[in-house]
Amino acid sequence: MIKNFKQIEQTVCDITNKISIESNKNDLQIIKQQVIGRNGILTKAFTELRNLSKETKIDVAKKLNNLRDHFLKKYEEIITKYKNNTLKTKIDTTIPSLSFHGVLHPFSNIIADIKRIMFAMGFNYEEGPSIENEYYNFEALNISSNHSSRDSHDTFYLYHTEQKAKKLLRTHTTSVQIRALESEKNKINGNTSLRIFSIGDVYRRDDDATHAPMFHQFEGLLISQDTSIAELKGYITRFLVSFFEVNYLPIRFRPHYFPFTEPSIEVDIMCYKENDKLKVGKCSNGNWMEILGAGMISRNILDRAGYDNVNGFAFGMGIERLAMLKLGIQNLHDFVGSSYPWIMQYGV
Ligand code: DAH
C-alpha cells in the first residue's frame, strides 16, 4: 500500500486533471465512480489502511484525505457550474463571420432579367403545367396527330389508356398561349390588350452536346385590335437589346413556318468568337445565330378561342441558349451539373 501510494496519487491526480468544462455530466459520473465510488481507487485505499501500522496509518490517511479533498474540490467546482448553467456554449457574436455568402445559379439571374424586361414592357407573367394534354400542346396549335411537325417535337408521352386526351411532357411553352387565351378571354375588350409571358421547363427526347431532354423556354403573347408584325419586330428588338445589354445588336428576321402563326418568322442575331467563347454583337467576321421563333397568331386559333376583331403575335425562345450567349457558357449540360466552381464562376 505504502509502496503503491505514489501510484495511487499519480492516478488520482491524472483523473482529477481530466475534469474540465468539456466534461459532460456522464463523464463526471464515471470519474466520480473511479475515484470515490464503491470500488473507487481512494475508497479501496482507505479500506487498506487497517493493514498498516498505527504511525504510517496516520500519515497515509492524511495524504489520502488530501488527495480526496483535491479531487472533490475540482469535481464540485464543475458540478456547481453545471447547476448554475454557466457551462452552456457561449456564442461569441464578435467573431467575424465566414466570408462565403453563396451565389444565385446563373439561370435564376437570367430568368430575373427576362422578367424585369417583360414587366417593364407591360406583360403579365403566366404559368402553365409541365404535364400537358395533347390538345394544348398540339391540336389547339394546329398540330394534328398526323402533322409532320410532331416528329420534330420528339415527345415524351405519358400513356394512360382510360384518358381521352393523351398526357405528355410539354414540348414547348406555346401551350400556355392557348390556356391564357381561354382564361383571359373576357378581360380584353375595346382598347385593352392582352400581354402575357411565360417561362418554364419543356421536354424533348433529345440528348447530345447541344440538346438536353429537359430545357426551358420563354414565350410571349400580345393580343390587341391593331397589333402587327411591325410591332412584333419592335418588341423583339427591344427585348433582345435590353437582354444582351449591347450597344448595337444586328438582328435578322427571316420568313419561316410554324403551324400556329401566319406569317411566321425566325430571328437571328449576330455572334462572333472571342477567345473560343461565343459573344453577341456586331463583328466583321460574325455569324448569324438563330435565337427565336415568332409570328402573327393564326386566325383559326384566335377564332377557336373566341377572339373576334383582334390580332395577336407570339414569340418563343430557348432560355439555355439565351443564357449561354449572354454569359459565354459553352456546355449546355453544365446548367444541371452545377459544380461548385462553375456556380462560383457564372452565378452572381
Ligand atoms: N414553340 C416553338 C418551338 O418550340 C417556338 C415558337 C415559335 C413559339 C413561334 C411561338 C411562335 O410563340 O410564335 O420551337
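Numbering-wise (the numbering used here), the sequence shown opens with residue 12 and increments by one.
For each residue, glycine too, the CB sits at the ideal point set by N, CA and C.
Remember, it's a predicted structure, so these values are computed and weren't measured experimentally.
Lys244 and Phe264 do touch by the CB rule: their CB atoms are close to 6 Å apart, below 8 Å. Rounded to the nearest angstrom, the gap between the Cα atoms of Asn135 and Glu195 is 11 Å. The bridge partners DSSP lists for Glu277 are Arg265, Gly304. Two segments are said to touch when three or more pairs of C-beta atoms, one from each, lie closer than 8 Å; by this definition the region 173–192 does not touch the region 111–126.
Between Gly51 and Gln44, the C-beta spacing is below 9 Å. Note that the C-beta distance between Phe226 and Ile122 is not below 9 Å. With fewer than 16 other Cβ atoms from the protein chains shown falling within 10 Å of its own Cβ, Arg127 counts as exposed. Counting along the chain, Phe226 sits inside the beta strand (DSSP E) bounded by residues 225–235. The beta-carbon separation of Ile154 and Pro270, rounded to 5 Å, stays under the 8 Å limit for a contact. A contact between stretches requires three or more CB pairs, one per stretch, nearer than 8 Å, and the region 24–31 meets this requirement with the region 81–98.
Note on geometry: alpha-carbon atoms of Gly139 and Thr272 lie some 20 Å from one another. Inclusion of Thr185 in the 8 Å shell around the ligand DAH follows from its C-beta lying nearer than that to a non-hydrogen atom of the ligand.
If you ignore the 5 residues before and after Asn296, its C-beta comes within less than 8 Å of the C-beta of Tyr283, all in its own chain and listed in chain order.
Inside the region 29–58, DSSP marks whole alpha helix (DSSP H) runs of 4 or more residues at positions 36–47, 52–58, from first to last along the chain. When distances are taken from the beta-carbon of Phe264 to the heavy atoms of the ligand DAH, even the shortest one reaches 8 Å or more.
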